Amino acid sequence: QITLKESGPTLVKPTQTLTLTCTFSGFSLSSTGVGVGWIRQPPGKALEWLALIYWNDDKRYSPSLKSRLTITKDTSKNQVVLTLTNMDPVDTATYYCAHSISWNSQFDPWGQGTLVTVSS
Amino acid sequence: QSALTQPASVSGSPGQSITISCTGTNSDVGSYNLVSWYQQHPGKAPKLMIYEDSKRPSGVSNRFSGSKSGNTASLTISGLQAEDEADYYCCSYAGTSHWMFGGGTKLTVL
Numbered sequence: 001q002i003t004l005k006e007s008g009p010t011l012v013k014p015t016q017t018l019t020l021t022c023t024f025s026g027f028s029l030s031s032t033g034v035g036v037g038w039i040r041q042p043p044g045k046a047l048e049w050l051a052l053i054y055w056n057d058d059k060r061y062s063p064s065l066k067s068r069l070t071i072t073k074d075t076s077k078n079q080v081v082l083t084l085t086n087m088d089p090v091d092t093a094t095y096y097c098a099h100s101i102s103w104n105s106q107f108d109p110w111g112q113g114t115l116v117t118v119s120s
Numbered sequence: 001q002s003a004l005t006q007p008a009s010v011s012g013s014p015g016q017s018i019t020i021s022c023t024g025t026n027s028d029v030g031s032y033n034l035v036s037w038y039q040q041h042p043g044k045a046p047k048l049m050i051y052e053d054s055k056r057p058s059g060v061s062n063r064f065s066g067s068k069s070g071n072t073a074s075l076t077i078s079g080l081q082a083e084d085e086a087d088y089y090c091c092s093y094a095g096t097s098h099w100m101f102g103g104g105t106k107l108t109v110l
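Laid out in structure tokens, this is it:
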């Protein structure tokens, strides 16, 4: 059974850097084709894809946020870390991580999500 | 790049069928057989319902089906049930190594 869980701060101040960790089980990020992605959802709004990292360290980023995002993995710890710099109140959202079974494939399953609020 | 276009809301009575559309462009929906659909109940994480345009994951009811024509993908739910009331999102691989979600559709079961 594949499970993922997001962790990180619930509150950050404007201009700070957000660091979120996705800890997973039930699969290995060293298996060919496998990836972990991040998706966020502002309160009451739609989902927005942010980034994805593959087993071979290939990284993909949302074009609109690429300059602010970094995604890394620690295969030995079964973790994927997302950083988002220069946080703004519009970045307030629930952040989800999700498993991707192969190149360009769907996201399944998802973690429970973690709500991050940006406020001074 | 803009999100994929979905109707804001659809509704139907129990037992009826409804269809949710998802319109993209020939750079995303129309170029790849990689549209997926997600169901999200309030306060919950999204759940995969359809992948690769029309494939259904194990455990998902066969009342859910997906299709695509040109730049528009569709999710059809037949035999509508109260538990189907949720938000639904489409997602497409958009080339150049990124993905796009639709704006979401709120399904109300009357």
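Those protein sequence lines, which keep their order, are chains A and B. Residue numbering for the first sequence follows our numbering, starting at 1 and increasing by one per position. Residue numbering for the second sequence follows our numbering, starting at 1 and increasing by one per position. A virtual CB, placed ideally from N, CA and C, is assigned to each residue, including glycine. Note that the structure is a prediction, hence the values are computed from the model and not measured.
Simplified DSSP state of Asp-108/A, which is helix, strand or coil: Counting from one through the first sequence, the residue named residue 108/A turns up at place 108. Under the three-state reduction of DSSP output, Asp-108/A falls in the strand class.
Assuming the contact rule is C-beta atoms closer than 8 Å, Leu-34/B and Ser-92/B should be a hit. Round their C-beta distance to whole Å, please. Indexing the second sequence from 1 puts residue 34/B at position 34. Indexing the second sequence from 1 puts residue 92/B at position 92. Sure, about 6 Å apart at Cβ, within 8 Å.
Which residue's Cα is closest to the Cα of Trp-49/A: Thr-114/A, Pro-43/A, Asn-56/A and Ser-64/A? Residue mapping note: residue 49/A aligns to position 49 of the first sequence, counting from 1. Nearest of Thr-114/A, Pro-43/A, Asn-56/A and Ser-64/A to Trp-49/A, Cα basis: Ser-64/A.
Just the C-alpha distance for Gly-95/B and Pro-14/B, rounded to the nearest angstrom, thanks. One-based indexing of the second sequence puts residue 95/B at position 95. One-based indexing of the second sequence puts residue 14/B at position 14. Distance between the alpha carbons of Gly-95/B and Pro-14/B is about 38 Å.
Of all the CB atoms in chain A, is at least one closer than 8 Å to the CB of Ser-74/B? Numbered from 1 along the second sequence, position 74 holds the residue referred to as residue 74/B. At a cut-off of 8 Å between beta-carbon atoms, Ser-74/B makes no contact with chain A.
Can you pull the chain A neighbours of Tyr-88/B, defined as C-beta to C-beta under 7 Å? Numbered from its first residue, the second sequence carries residue 88/B at position 88. Within 7 Å Cβ-Cβ: nothing; Tyr-88/B doesn't reach chain A, min ~11 Å.
Those runs of the beta strand (DSSP E) which lie wholly inside the region 7 to 79 of chain A and span at least 3 residues: Taken in chain order, the complete beta strand (DSSP E) segments of 3 or more residues contained in the region 7 to 79 of chain A are 18 to 25, 35 to 41, 48 to 54, 59 to 61 and 69 to 74.
Starting from His-99/A, trace the beta strand (DSSP E) in both directions and tell me its first and last residue. On the first sequence, position 99 is the one that residue 99/A refers to. Counting along the chain, the beta strand (DSSP E) containing His-99/A begins and ends at 93 to 100.
So with Cβ pairs under 8 Å, would you call His-41/B a contact of chain A? For the purposes of this step, residue 41/B is identified with residue 41 of the second sequence, where counting begins at 1. Under the Cβ distance rule, His-41/B does not count among the residues neighbouring chain A, no pair being separated by less than 8 Å.
Determine the direct distance from the alpha carbon of Ser-120/A to that of Ser-100/A, and round the result to whole angstroms. By one-based count along the first sequence, residue 100/A stands at place 100. By one-based count along the first sequence, residue 120/A stands at place 120. Between Ser-100/A and Ser-120/A, the C-alpha separation is close to 35 Å.
Candidates Tyr-95/A, Trp-103/A and Cys-97/A: which alpha carbon is nearest Ser-97/B's? Numbered from 1 along the second sequence, position 97 holds the residue referred to as residue 97/B. Here the closest residue by C-alpha is Trp-103/A.
Go ahead and label Pro-42/B buried or exposed: buried means 16 or more other beta carbons lie within 10 angstroms of its beta carbon, across all protein chains shown. Within the second sequence, numbered from 1, the residue matching residue 42/B stands at position 42. Exposed.
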